[in-house]
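**Q**
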Amino acid sequence: KAGVTQTPRYLIKTRGQQVTLSCSPISGHRSVSWYQQTPGQGLQFLFEYFSETQRNKGNFPGRFSGRQFSNSRSEMNVSTLELGDSALYLCASSLVAGGGANEQFFGPGTRLTVL
Amino acid sequence: DAKTTQPPSMDCAEGRAANLPCNHSTISGNEYVYWYRQIHSQGPQYIIHGLKNNETNEMASLIITEDRKSSTLILPHATLRDTAVYYCIVGNDYKLSFGAGTTVTVRA
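Protein chains in written order, with this note's numbering: chain A, 10 to 124; chain B, 260 to 367.
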């Protein structure tokens, strides 16, 4: 079974631009979560989607948004990029929503650099 | 906010057991203990999780104290490929908060 895939793997943008990152979960998984990882802040939760609905949201500004499609694939969008948005963005999928006894499977991440 | 406390680093000899402690004194009754690890430049990898009973799988064992305020991840026979940052996380939904973790270095 294929793992979580994320595209693109690397991205370079300039301040003020916007970016869209894509995540394809493991086949059959319906929950997709997004995380941001930076050296200073560590790994921080952005949001979780299940059945095309946002279930949970972390403490990030409204410039960060996402959506999930009927095939469970998810996209994350960041508008008006700032230098501090440079990070590794990780996507994780799970069979069901809400955590509990269910583990998450992480993708390799998208390395975003904002110049 | 991270709800766990882990030592920042530890060394382990190859072939020996690695015991990674984690304190989670404010854990709630319905919160699970999860362990993930992250090898440099890769996404985190799930290791094991538990609620109150000890758990074992092909990768590791998880020992949770009776009061659930602490736990220990045991890698029974550490290899060089086990060198990674190990995260202990508590929660019951996917709004997981990853702390700084423990950097484990396995030495030959």
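The beta carbon of each residue, even a glycine, is placed where N, CA and C say it ideally should be.
Predicted model only: the values in this text are computed from it and were never measured.
Taking the C-alpha atoms as reference points, what is the distance between A/Ser102 and B/Val292?
**A** Answer to the nearest angstrom: the Cα atoms are 18 Å apart.
**Q** Contact between the region 77 to 88 of chain A and the region 270 to 289 of chain B: three or more CB pairs below 8 Å?
**A** no
**Q** So, A/Tyr19 versus A/Arg82, is the Cβ gap smaller than 9 Å?
**A** no
**Q** Since B/Leu334 meets chain A, which of its residues come closer than 8 Å, beta carbon to beta carbon?
**A** Per Cβ cutoff of 8 Å: no residues; B/Leu334 is ~17 Å from chain A at best.
**Q** For B/Gln301, which residues in chain A fall below 7 Å Cβ to Cβ?
**A** Pro117
**Q** Could you list the residues in the region 333 to 363 of chain B with a C-beta less than 9 Å from some C-beta on chain A, going in chain order?
**A** Tyr346, Gly350, Asn351, Asp352, Tyr353, Lys354, Leu355, Ser356, Phe357, Gly358, Ala359 and Gly360
**Q** Quick one: any contact between the region 33 to 48 of chain A and the region 87 to 105 of chain A, if contact means 3 or more CB pairs under 8 Å?
**A** yes
**Q** Does chain A have any CB closer than 9 Å to the CB of B/Gln304?
**A** Yes, because at least one Cβ of chain A sits closer than 9 Å to the Cβ of B/Gln304.
**Q** Enumerate in chain order the residues of its own chain whose CB-to-CB distance from B/Ile298 is below 7 Å, with the five nearest sequence positions on each side excluded.
**A** Ala343
**Q** Evaluate the contact criterion for the region 88 to 101 of chain A versus the region 10 to 29 of chain A: three or more CB pairs, one atom per stretch, below 8 Å.
**A** yes
**Q** Using a Cβ-Cβ distance cut-off of 9 Å, determine whether B/His308 contacts chain A.
**A** yes
**Q** So A/Phe114 contacts chain B; which residues on that side make the cut at Cβ distance below 8 Å?
**A** Tyr305
**Q** Rounding to the nearest angstrom, what Cα-Cα distance links B/Glu325 and B/Gly309 in this structure?
**A** Spanning the alpha carbons of B/Glu325 and B/Gly309 requires a straight line of approximately 12 Å.
**Q** At least one CB of chain B closer than 9 Å to the CB of A/Phe69: is that the case?
**A** no
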